[in-house]
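Letter 49 of the sequence shown, counting from 1, is numbered 49 in UniProt numbering, and no numbers are missing.
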Amino acid sequence: MAEIKFDIEETFGEISESAKGWKKELNLISWNGRPAKFDLREWDPNHQKMGKGITLSKEELKALKVLLNNMEL
């Protein structure tokens with residue numbers, strides 16, 4: 001399996017933390033040298049291991065923000 005290279009360019013914040021110390025974070029990440037995208041996933045404390053997540057373009061993140069703002073929580 002090919003090695004996945006990533007560069008966390010900016011961290012916007014944490015949503016939650018598991019009992020094992022993994023944190024669900026929103027970051028701006030460049031994957032394999034490509035332009036950075038917004039990324040929401042769990043990371044181990046050292047940012048060396050990651051869980052499954054979702055990667056969004058700026059336009060997709062804006063659309064998600066509209067959806068969330070229209071929800072009654």
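C-beta atoms are modelled at their ideal positions from N, C-alpha and C, and glycine is treated no differently.
- Here the alpha carbons of L40 and T55 stand approximately 6 Å from one another.
- In this structure, the CA atom of K23 is about 15 Å from the CA atom of E10.
- For E42, the enclosing beta strand (DSSP E) begins and ends at 37-43.
- When beta bridges are read from the DSSP output, F6 appears opposite W31.
- Separation of L64 and A36 (C-alpha to C-alpha, rounded to the nearest whole angstrom) is 18 Å.
- Between the C-alpha atoms of L61 and F38 there is a straight-line separation of about 7 Å.
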